[in-house]
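Below you'll find the structure, written out as structure tokens, and then a few comments.
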Amino acid sequence: MELSLGEAKARLSELVIAAERGERVVIIRDGKPAVELVRCRKAGGIDFDNPEISRRVLDLESGDHRS
Numbered sequence: 000m001e002l003s004l005g006e007a008k009a010r011l012s013e014l015v016i017a018a019e020r021g022e023r024v025v026i027i028r029d030g031k032p033a034v035e036l037v038r039c040r041k042a043g044g045i046d047f048d049n050p051e052i053s054r055r056v057l058d059l060e061s062g063d064h065r066s
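0 is the number of the first residue of the sequence shown in numbering that gives the first Met the number 0; add one for each residue after it.
So, in structure tokens, the structure goes:
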């Protein structure tokens, strides 16, 4: 589904539900695709209030950080 920024603002809740179902949602600005809403791959993320846990979960404690 592709829709303008104005329409997306009016239908945000509906678009989030569609993205959670796996539907492709693209928001168009100035006639060009600007943003795609996608479902999060897994629950969680970085807990900025408890960074030690995030480092452990993301395996950032090993010390071997190569770019």
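Where is the CB? At the ideal position from N, CA and C, for every residue including glycine.
What you are looking at is a predicted structure, and each value in this text was computed from that prediction instead of being measured.
Three-state secondary structure (DSSP) at residue i?
{"i": "residue 15", "result": "helix"}
{"i": "residue 6", "result": "helix"}
{"i": "residue 35", "result": "strand"}
{"i": "residue 1", "result": "strand"}
Give me the Cα-Cα distance between residue i and residue j, rounded to the nearest whole angstrom.
{"i": "residue 30", "j": "residue 6", "result": "13 Å"}
{"i": "residue 0", "j": "residue 39", "result": "18 Å"}
{"i": "residue 4", "j": "residue 37", "result": "16 Å"}
{"i": "residue 13", "j": "residue 32", "result": "19 Å"}
Within 10 angstroms of the Cβ of residue i, are there 16 or more other Cβ atoms? Answer buried if so, exposed if not.
{"i": "residue 24", "result": "buried"}
{"i": "residue 11", "result": "exposed"}
{"i": "residue 16", "result": "exposed"}
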